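The structure under discussion appears below in the form of structure tokens.
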Amino acid sequence: MSKPSVAILGLGIMGSGMAKRLLSANFPLAVYNRNREKCIPFASAGAFVANSPGEAAARSQIILSMVANDEASQDVWLGGKGALDGALSNSVLIESSTLSGEWIRELAAKAAERGCRFLDAPVTGTKPHAASGELVFLVGGSIETLDAARPVFSVLGRDVVHLGPIGSGALMKLINNFVCGVQAASLAEALSVVDAGRLDRAQAMSILTGGAPGSGIVKRVTERIAANDFAPNFALRWMAKDIGYAVRMASAEGIVLQTAAAALALFQQAIVEGHGDEDFSAVSKSSKRGPHSSL
0 MSKPSVAILG LGIMGSGMAK RLLSANFPLA VYNRNREKCI PFASAGAFVA
50 NSPGEAAARS QIILSMVAND EASQDVWLGG KGALDGALSN SVLIESSTLS
100 GEWIRELAAK AAERGCRFLD APVTGTKPHA ASGELVFLVG GSIETLDAAR
150 PVFSVLGRDV VHLGPIGSGA LMKLINNFVC GVQAASLAEA LSVVDAGRLD
200 RAQAMSILTG GAPGSGIVKR VTERIAANDF APNFALRWMA KDIGYAVRMA
250 SAEGIVLQTA AAALALFQQA IVEGHGDEDF SAVSKSSKRG PHSSL
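Residues 0 to 294 in numbering that gives the first Met the number 0 are what the sequence shown lists, from first letter to last.
Laid out in structure tokens, this is it:
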């Protein structure tokens, strides 16, 4: 059975890992990225490099977008020579970016007008998971459309979770990320208190990660801090964006996410201090107290 042709729109940290996986599995692949230099390695590996999202979409049965935010998604799908203009009727459109529910619903409606099938399918995982095909896809949309996309998902991820109708995946991803952000921010504040109290930082981190607070995200952030390694697997500015979307989403339902709002303030402070392009674990660098202040 022949493999469906695929387009990847966006070759950032996650999209590039996805594209490499598909090429290694011999899928016919078209790629598009605003910065064409990022396309060069994929051209040499056999991918078609499109001049526009629409050109990539016109060659593909499955079109997957992995971009930064609502604005970038709007541009790649609806901008000049956008993917929706090039998409063939009955093609499968997959939005795997972490976006707001409002935009996902609008995009799904526009896809339907074009005669295309649509899934919102953001992922859990970061750079190494994309490279190794260990992502988990959180999917909203019909089972029939999901089944059509499974050949691609099976190469890119270790699991696919169908959560319900369109918008369900985006909702779950925002919930997932704001909970991660709150934990990272609380750890950053905890370390400020550790430093202010002149406790041994390594010993304190060992207690935190080895005890009840030691969730997976706390352990991962602690490892980054201990190694002083803030090369981005998931950039801090995008975590701030996701928490902001979650706060807005909840507000529309009359829910105040107080812990998320507090975490967002800390992430925004870190961006102001110049850490936005570092890994989100660099929120630990944002503190109103210096390491030698006292309690």
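Using N, Cα and C, we set each Cβ at its ideal position, and we do this for glycine too. Since we're looking at a predicted model, the values are computed, not measured.
A Cβ-Cβ distance of about 4 Å is found for the pair N232 and K126, placing them in contact under the 8 Å criterion. Non-local C-beta neighbours of G168 in its own chain, meaning closer than 6 Å and more than five positions away in sequence, comprise D119, A120, P121, L137, V138, G139, L162, ordered along the chain. Counting along the chain, R247 sits inside no beta strand (DSSP E); it lies in the alpha helix (DSSP H) bounded by residues 235-251. Per DSSP, reduced to three states, the secondary structure at H274 is coil, with no helix or strand assignment. Sixteen is the threshold: since fewer than 16 other Cβ atoms of the shown chains lie within 10 Å of the Cβ of D276, the residue is exposed.
Taking the Cβ atoms as the reference, I62 lies roughly 17 Å from A24, outside the contact range of under 8 Å. Selection F41, G213, M13 evaluated against G132 yields M13 as nearest (Cα-Cα).
Nearest to L106 by C-alpha distance, out of T123, S95, W76, is W76.
For E112, the enclosing alpha helix (DSSP H) has its first and last residue at 100-112. Counting the other CB atoms within 10 Å of its CB gives A148 a total of 16 or more, which places it among the buried residues. Under the 8 Å Cβ criterion, the stretch 239-246 does not count as touching the stretch 212-231, having fewer than three qualifying pairs. In this structure, A71 keeps its C-beta atom at 8 Å or more from the C-beta atom of A55. Per DSSP, the beta bridge partners of V91 are I61, R116. Excluding five sequence positions before and after A203, the CB atoms of its chain that fall closer than 6 Å to its own CB belong to V193, given in chain order.
CA-CA distance, C115 to V220, rounds to 40 Å. Judged by DSSP secondary structure, R157 falls within the beta strand (DSSP E) whose first and last residues are 156-163. Looking at the DSSP output, L190 sits in no beta bridge, so it has no partner there. Taken atom to atom, the span from the alpha-carbon of P27 to that of K172 is near 29 Å.
At the C-beta level, S64 and S95 come within 8 Å of one another.
Rounded to whole angstroms, H274 and Q267 show a C-alpha spacing of 9 Å.
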